[in-house]
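Take a look at the structure below.
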Amino acid sequence: MRCAPLAHADTWPLQDLNQLDMVRPITKWARVCTTAARAGEYTAMGLAEARNGRPGPAYLEVPLDVMFADTPESTPITAAVAPAAPAPDPDALDAAAAALAAAERPIAIVGSGGHWSHAGGALRELAETVGLPVFSINAGRGVLPDTHEWSFGATLPFGSAFGEALMADVVLVLGARIGFTLLNGAFLRHKTVIRVDIDPAETGRNLPGTHNLVSDVRVFCETLARGWEGGVSPARAAWGDKLREAAQRNRASLVESHAGAADKPVHPFHLVSAIEDIAGPDATLVADGGDVMTWSAMAFTARGPGRLLSISTYLGCLGTGIPFALAAKLARPDEPVFLLEGDGSFGLNAMEFDTAVRHNLPFVCIVGNDGSWGMSRHGQGLMFGYDQHVGVDLGVRPYHEMVRALGGYGEFVDDAGELRRSHRPRPGIRPARMHQRGHRPGDLLTGHPGHGQLRVVLNPRAVLNPQALRHRDPHRDRKGGPGHLHPGSAAASFAGVCPHDRGPCCGLPRHVAPPDRSWVRIGCVEP
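For the sequence shown, our numbering assigns the number 65 to the initial residue and increments by one for each residue that follows.
Here is the structure:
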């Protein structure tokens, strides 16, 4: 990053700003290079700091007069050489192995540390050798693909086996922060927890592990699998079968519970299911938003490392979707990229569609448009009543017209069947246009990305706010009527107890939307 010339310090030059102090709290390493002769040295230092240990952003600032200064020909530029990945302490590893060997119902939760350490192959070997069900979170999604027999997808209770998995007796946390996205470890207390992280401080944050190991995730998995004795015990084999049956049952119930939803206007579950179907196995899926991203978590499949990107990675909240999609297309230019966004998050970086057009980076963007900041609307409605809300209305805007003006391509559709019938886009090919529909609230916008062209879809339906599941609407609370939330639905899902006393909670969402689309209900599906 460049800054004002050193020679102009304290003279109020144009756009002078103390950038270094601004970025220090959000970077791993931040420096300013004040001498042209050391530019190569500082660049190598920054790359090393960004990559080594726990990866993180590094910031190098170069004043303008230093940037344009001549560099001596003898200036050394050394490549950053990463040190060997740290291995677990042998005694700590033995203790963790003993705990896993004694476990009858173990699970693993792999996070971003698994991704950055390239632990996919080692984690697969460990899961198959031990009989270890694996759930994933953040950038860990896809480290062990969801299609693997020992992979059970995201750490969400909706339509998955995670509700049943909370009955685990041993939980192995691999390179995952136990923070907000894991409820600060609330559901892990009173269990044997094994924490593995490259950052020693992380093993004690919020929920110190029963066994704590400072190690690279890949090295830990390789070492443990290599020294494992006894194979997959009958108890762990039965536990894996139970989770697979639960996953199939809950997924089928989730699909069945939305089977009656009309294709027009498009229900969010139908939308994300259609995207999953038409994207194909080679696509990278990106999700960005609040409510709408929750739906994507229920339907999107993580088929490999870096192939399911979302805002839950701590790298940013709303607005990262389009940048993520651009990066995915640059990384795999011959493969399709599908982005699902909320209308609010779309607006934060919408002009980056111009970047996509200028650099010929076609991708498919689907905007879930309920005309509001949906999660905030539900939060205010559940706290104060849906007749009172402030600052959440966005209105339904013709975002496709903006994309068209920038050189992209977009159209409206309002039928899930029509969306499913659209065939898989291929770079360099522009399929026939779909029928242009009039703009009205609740329409969907879609098109096909050809060479340098983009696609946008609008979805009208309000979507759920999982943070508010344990609340009720105080104004209307009759059984089965607007405002009713199933008793203890969120708490019961995480506790592994069904509100209907039928065993482990399926955690399935049920949605009822009145004409104003402002209300959502969630809970177990009743007989």
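We put the beta carbon where it would ideally sit given N, CA and C, even for glycine.
- Any idea if TRP76 is buried or exposed, counting beta-carbon neighbours within 10 angstroms, 16 or more meaning buried? With fewer than 16 Cβ atoms within 10 Å of its Cβ, TRP76 is classed as exposed.
- Query: When you compare each of VAL145, ALA94, PRO119, ASP153 to VAL126 by their alpha carbons, which one comes out closest?
  - Reply: ALA94
- Message: Whole angstroms are fine: how far does the CA of ILE430 sit from the CA of PRO197?
- Response: 32 Å
- Message: Taking only three categories from DSSP, how would you classify VAL460?
- Response: Coil.
- Task: Output the distance between the C-alpha atoms of ILE342 and GLU105, rounded to the nearest integer angstrom.
- Result: 48 Å
- Item | Where CYS285 falls, given that 16 or more other Cβ within 10 Å makes a residue buried | Classification of CYS285: buried, given that the 10 Å Cβ count is 16 or more.
- Residues that DSSP places opposite GLU168 in a beta bridge: Beta-bridge pairing links GLU168 to no other residue.
- Per-residue burial, ASP261 [other beta carbons within 10 Å of its own, 16 or more giving buried]: buried
- Inter-residue Cα distance where the pair is PRO221 and ASN202: 16 Å
- Roughly how far, in whole angstroms, is the beta-carbon of ASP352 from the beta-carbon of LEU403, given that I think they are within contact range, below 8 Å? 7 Å
- Nearest-angstrom beta carbon gap, ALA240 and GLY294 [assumed within contact, 8 Å]: The pair is not a contact, with the Cβ atoms about 26 Å apart (cut-off 8 Å).
- CA-CA distance, GLU213 and ARG88? 43 Å
- Message: Going by DSSP, what residue range makes up the beta strand (DSSP E) through TRP93?
- Response: That run of the beta strand (DSSP E) goes 93 to 96.
- Message: Between which two residues does the alpha helix (DSSP H) holding THR107 run?
- Response: 103 to 115
- Which residues in the same chain as GLU405 place their Cβ atom closer than 6 Å to its Cβ, once the five residues preceding and following it in sequence are excluded? ASP352, GLY353, GLY385, VAL431
- Item | Runs of alpha helix (DSSP H) lying entirely within the stretch 269 to 335, each at least 4 residues, in chain order | 281 to 290, 298 to 321
- Please go through the same chain and pick out, in chain order, the residues whose beta-carbon is closer than 6 Å to the beta-carbon of VAL237, but skip the five residues on each side of it. ILE173, ARG259
- Under 8 Å between C-beta atoms of GLY435 and ASP479: Contact flag unset, no.
- Query: What residues match up with ASP261 in a beta bridge as DSSP calls it?
  - Reply: VAL278
- Confirm, please, whether the CB-CB distance from ALA160 to HIS275 is below 8 Å. yes
- Near ASN248, what residues of its chain come up, given a Cβ to Cβ distance below 8 Å and the 5 sequence neighbours on each side ignored? These residues qualify, in order along the chain: ILE242, ASN270, LEU271.
- Task: Using only alpha-carbon positions, find the residue among LEU78, LEU252, VAL96, SER317 that is nearest to LEU84.
- Result: VAL96
- Could you check what DSSP says for ASP398 in three-state terms: helix, strand or coil? coil
- Pair every Cβ in the stretch 411 to 423 with every Cβ in the stretch 452 to 469, then say whether three or more of these pairs are closer than 8 Å. yes
- Query: Whole alpha helix (DSSP H) runs in the stretch 335 to 396 with 4 or more residues, listed along the chain?
  - Reply: 355 to 363, 385 to 395
- Query: According to DSSP, which residues form a beta bridge with THR256?
  - Reply: VAL234
- Message: Between GLY445 and HIS453, how many whole angstroms is the CB-CB distance? I'm expecting something under 8 Å.
- Response: Cβ atoms of GLY445 and HIS453 come within 8 Å of each other, at about 6 Å.
- Task: Kindly indicate which residue of VAL456, LEU382, ALA166, THR348 has the alpha-carbon position closest to the one of PRO426.
- Result: THR348
- Task: Using the Cα positions of ALA559 and LEU208, report the straight-line distance between them to the nearest angstrom.
- Result: Bear in mind that a pLDDT of 27 at ALA559, under 50, signals an unreliable position, so the number given afterwards is only what the model happens to contain. If I take the Cα positions, the gap works out to 26 Å.
- In whole angstroms, what separates the C-alpha of PRO489 from that of VAL428? Low per-residue confidence applies at PRO489: pLDDT is 43, beneath 50, and the placement is therefore not dependable, though the value from the model is reported in the following sentence. Spanning the two alpha carbons is a distance of roughly 8 Å.
- Proximal residues to LEU190 (C-beta, below 7 Å), its chain only, five neighbours per side dropped: LEU196, CYS285, LEU288, ALA289
- Message: Using the three-state DSSP reduction, which class does LEU81 fall into: helix, strand or coil?
- Response: coil
- Per DSSP, what kind of secondary structure is VAL145 in: helix, strand or coil? coil
- Item | Cβ shell of SER181 (< 8 Å), same chain only, five flanking positions each side left out | ALA149, GLY239, ILE262, ASP280, VAL281, ARG282, VAL283
- Item | Euclidean distance between Cα positions of LEU277 and PRO329 | 51 Å
- Nearest neighbour of PRO154, chosen from GLY291, ARG66, ILE90 [CA to CA]: GLY291
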